[in-house]
Every structure is written in structure tokens, then in C-alpha cells.
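In this text, residue positions in the sequence shown follow UniProt numbering: the first is 1, and each later residue adds one. The structure appears right after this line, and notes come after that.
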Amino acid sequence: MDRSDGQRLELGFLTFVADEGSGGAGPALRDGLALVRHAEDLGYDSAWVRVRHHEPYLSSPMTFFAAASQVTRRIALGTGVIPMRYEDPLRLAEDAATVDLFSGGRLELGLSNGIAPLAAALDAVHGTSPRGFAGEAQHRIDVLRRAIAGEPVAQAAAQYMGVPAGGDLTVTPHAPGLSDRLWYGAGSEATAVRTGQQGLDLQVSTLNTEETGEPFDVVQARQIRSYRKAFAEAGHAGRRRARTSAGRIVLPFLSPQDAEDHHAFLQGYASGMTQDGRPRNGSGAPVRYSAALSGDPDSIVETLQADEALTETDGLIVVLPAEGSLQVHQRVLTAVAQHVAPHLGWTPVL
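Here you go:
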């Protein structure tokens with residue numbers, strides 16, 4: 001695959017850490033740790049977790065990463081993504097800095113506004129905001145960024161410990177470098193441009209929230225290019241390099257058992273959308289999903305080599321289904337590392 005920048009492709013994976021089955025939440029969390037260790041042993045660059053509140057999936061990524069940081073030595077640990085509309089930015093800043101220090105600077109903090117249609121249900125828990133859904137989320141992202149950077153978040157109205165009245169209050173601990181490892185999960189060109197203007201890194205994945213009639217990867221490639229242009233025009237390129245990653249569902253089949261293990265997921269995924277990735281629910285929303293790539297590894301490689309967005313991005317993130325045991329997901333990561341990613345410009349980090 002001819003990459004636009006000639007750089008080595010980085011390889012990561014994204015998992016739900018699902019709390020399912022008779023084992024319960026404890027074994028599920030330990031399986032999640034085992035999967036991260038397995039990926040590190042294979043040479044993956046990064047391990048990413050989804051964040052889900054009020055659902056049977058991982059809801060507390062920083063505590064999970066605190067544990068993961070102690071059983072791994074080099075793999076990056078990232079969130080994909082934290083819905084900031086429902087987060088306390090100062091508490092998250094404290095937890096994220098603590099995890100980053102525990103891990104030796106390996107945290108990659110992926111953020112998003114969250115899913116606006118869920119506000120109808122979740123406002124009952126988290127309250128409403130006069131800023132509106134996106135406005136409140138962006139406000140909290142701004143507070144989080146300033147806190148992580150070590151900037152004052154307020155002035156003390158009275159003497160507080162060693163801080164005099166009127167003195168600056170900052171969030172502790174401070175993790176040097178973490179402020180340069182903040183990502184935003186964008187689904188449209190407009191949000192990608194905003195991400196570049198803000199100087200954040202860019203995540204694109206298996207969902208586009210705009211519909212142009214063009215192929216999925218073509219739209220995402222334009223999002224990435226527009227992001228990089230906005231990043232440079234805002235003056236951030238002189239400080240550091242813009243980073244991007246693209247998520248794809250990749251399920252190589254090396255045996256009939258692999259096909260059987262993923263049959264239910266693939267059937268359900270395909271039934272929810274038209275052949276070109278539009279949802280079948282008839283909502284009319286401008287949404288497009290990427291295809292799930294499964295089957296023969298050579299065919300998957302051919303499809304990914306032709307993926308325009310992947311030629312523009314720094315990293316491929318293997319998106320794992322919510323369903324599946326630890327052993328099933330370990331086989332996926334192994335198959336990708338051995339039979340797919342080396343043909344795309346990736347070499348393992350061991």
C-alpha cells in the first residue's frame with residue numbers, strides 16, 4: 001500500500017471489554033487485561049477501549065488502564081472515545097494524569113461530545129445545560145485540556161492550604177506531555193476541521209455522520225486531509241505533528257471455526273444497513289457505516305490496500321465486535337498481525 005507520507009503504519013485495536021456471560025464483570029475485566037497483554041506480545045502499537053455508561057461494557061477506563069499499565073510495558077493505552085457531555089473534566093484530568101504517570105507516558109486520551117440523541121434519556125441522570133448538548137460537551141473538553149496542560153482552572157476565593165486568596169488553583173498531578181496526546185473522534189468534515197483547529201489528534205472509525213453519496217473511504221480521506229490542513233493553518237504544525245487513526249472491522253478467517261464464531265455478528269451487522277452502508281431504520285439521518293471485512297486474509301488485504309483513508313492515516317485500528325470470547329478476539333488480533341497488517345506497511349514493535 002502506497003501511503004501518502006511514506007511512514008510506517010501503526011497498528012492498534014479497539015474493544016468493548018464487554019460484561020457478558022455467566023462469569024460476570026470481574027472475569028470480563030481480567031479478560032480485557034489479558035487481551036491487552038496479548039496484543040503487546042504480538043507487537044501492536046496501541047490498545048483502545050470503548051467507553052459506555054449505563055450499558056454492560058467498560059464504563060471506567062482510567063481504572064482499567066491503571067491496572068493495564070502495571071501488567072504491560074510499552075503498548076499505548078487509549079480511549080475510543082470518552083463522551084465528554086457526561087464527564088466531570090477536572091476529575092477526569094486528575095485520573096488521566098495519574099494513569100499517564102503510572103504508565104510512563106503511554107495514555108492516549110480519545111474524546112468526543114457524545115451521542116446527542118441519547119440526551120433524552122441521560123439528561124435525567126446528568127442534568128441539562130443552557131449551553132446545549134454540543135456546547136456543554138465542548139466546554140468540558142476545553143476545561144479538561146486546560147487542566148491537563150497545568151493551566152489555572154480558577155482562583156481561590158479564600159486561603160486554601162498553601163494557596164493564598166486570589167491565587168491560582170491547578171489540577172494535580174501534572175503529567176508532562178499528556179496534553180499532546182488528546183484525540184477527538186470525528187464523523188464529519190466539519191468536526192474534523194474543528195479538531196485540527198483545536199490542535200487535537202484525529203480518530204475516524206466505522207461511522208460517518210455525513211452523506212455525500214461518495215464511497216465511505218473517500219469521504220474519510222477528505223476528512224483527514226481537511227483536518228491536517230486546519231491543523232497546519234492554526235499554527236499547530238510548528239509545535240508537533242498531527243496524528244490520525246482509522247478504525248476498520250477486520251475479521252480474517254483462517255479456519256471454519258473463525259467463520260462460525262463471527263457468523264451471528266456479521267449477520268446482525270449486515271442486516272442493519274443497506275449494501276452501501278446506509279442504515280435501514282429509515283430515520284433519514286445522514287449516516288454511513290463502513291463494511292465489515294471478513295474472510296480470506298488476502299482479500300482483506302486487497303480491500304485495505306485500496307482504502308483511500310488508510311493511505312492518508314497514521315494508524316489502522318482493528319475494531320473488534322462486542323460479542324466474542326477472549327480466545328476468539330485473541331485469534332483475530334493474531335491473524336491480523338500475521339496475515340494482514342504486514343502487507344499494509346506495519347512491522348511489529350517487540
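Yeah, the Cβ is synthetic: ideal placement off N, Cα and C, and Gly gets one too.
Boundaries (first-last residue) of the alpha helix (DSSP H) holding residue i
| i | result |
| --- | --- |
| L304 | P297 to Q305 |
| V99 | P89 to S103 |
| T311 | E308 to E312 |
| D31 | A25 to L42 |
| H126 | A119 to H126 |
| E136 | G132 to I148 |
| Q159 | It is not in any alpha helix (DSSP H) - Q159 carries neither H nor E in the DSSP assignment. |
| P152 | P152 -> no alpha helix (DSSP H), and no H or E assigned at all. |
Of the listed residues the options, nearest to residue i (C-alpha basis)
| i | options | result |
| --- | --- | --- |
| Q197 | F102, D142 and V219 | D142 |
| T303 | H343, S325 and H329 | H343 |
| Q327 | D31, R228 and A154 | D31 |
| G24 | L77, V219, S255 and L58 | L58 |
| D261 | L144, H329 and M161 | H329 |
| A190 | A230, L182 and A158 | A230 |
| T311 | A246, E214, P152 and G187 | A246 |
| G277 | D217, D296, R91 and A154 | D217 |
| A47 | T15, L207 and F265 | T15 |
| A192 | H38, T72 and A242 | A242 |
| Q155 | R240, H339, V171 and R85 | V171 |
| H53 | V125, A175, S255 and E308 | V125 |
| I300 | T274, E323, S205 and V336 | V336 |
| D298 | V99, H339 and G110 | H339 |
| G43 | V17, A306, I224 and F13 | F13 |
| S226 | S188, E214, T206 and A18 | S188 |
| R181 | R239, P348 and M161 | R239 |
| D296 | A270, S255 and E323 | S255 |
| Q203 | Q267, A270, I224 and V219 | I224 |
| D314 | R228, E87, G272 and E323 | R228 |
Integer Cβ distance of residue i from residue j, believed to fall under 8 Å
| i | j | result |
| --- | --- | --- |
| R248 | S290 | 6 Å |
| A93 | A147 | 4 Å |
| F64 | V81 | Not quite, the Cβ-Cβ distance comes to about 15 Å (not below 8 Å), so this is no contact. |
| T209 | P286 | 7 Å |
| A175 | A97 | 4 Å |
| S112 | P83 | 6 Å |
| T17 | T72 | The identity of residue 17 in the sequence shown is Val, whereas the question assumes Thr. Not a contact, Cβ separation roughly 15 Å. |
Simplified DSSP assignment, three categories, for residue i
| i | result |
| --- | --- |
| M273 | strand |
| P279 | strand |
| A264 | helix |
| P173 | coil |
| Q338 | helix |
| V49 | strand |
| R239 | coil |
| D217 | helix |
| A18 | coil |
Range covered by the beta strand (DSSP E) that runs through residue i
| i | result |
| --- | --- |
| E189 | Run containing E189: none in the beta strand (DSSP E); it sits in the alpha helix (DSSP H), E189 to Q198. |
| P252 | V250 to P252 |
| L178 | Careful: L178 lies outside any beta strand (DSSP E) and carries neither H nor E. |
| E210 | Looking at the DSSP string, E210 is not in any beta strand (DSSP E), and its letter there is neither H nor E. |
| T15 | E10 to T15 |
| V349 | Element bounds for V349: n/a, residue is neither H nor E. |
| L77 | A76 to T79 |
| P201 | Here residue 201 is Asp; the residue named in the question, Pro, does not match the sequence. Where D201 is concerned, the enclosing beta strand (DSSP E) stretches over D201 to V204. |
| G110 | L107 to S112 |
| V319 | G315 to V319 |
CB contact below 8 Å: residue i versus chain E
| i | result |
| --- | --- |
| Y227 | No chain E is part of this structure, which consists of one protein chain only. |
beta-carbon residue i near the ligand FMN non-hydrogen atom, thresh 7 Å
| i | result |
| --- | --- |
| D123 | In the structure on display, the ligand FMN does not appear, and there are no ligands present to speak of. |
Is the stretch 229-245 touching the stretch 194-213 in the sense that three or more CB pairs, one from each, lie closer than 8 Å? The stretch 194-213 vs the stretch 229-245: in contact.
Are the stretch 117-132 and the stretch 158-178 touching by the rule of at least three beta carbon pairs closer than 8 Å? no
Within 8 Å, do at least three Cβ pairs link the stretch 307-322 to the stretch 245-260? yes
With three or more C-beta pairs closer than 8 Å as the rule, is the stretch 331-350 touching the stretch 7-15? Flag = yes, the stretch 7-15 and the stretch 331-350 touch.
Three or more C-beta pairs closer than 8 Å, one from the stretch 104-117 and one from the stretch 72-87: is that the case here? yes
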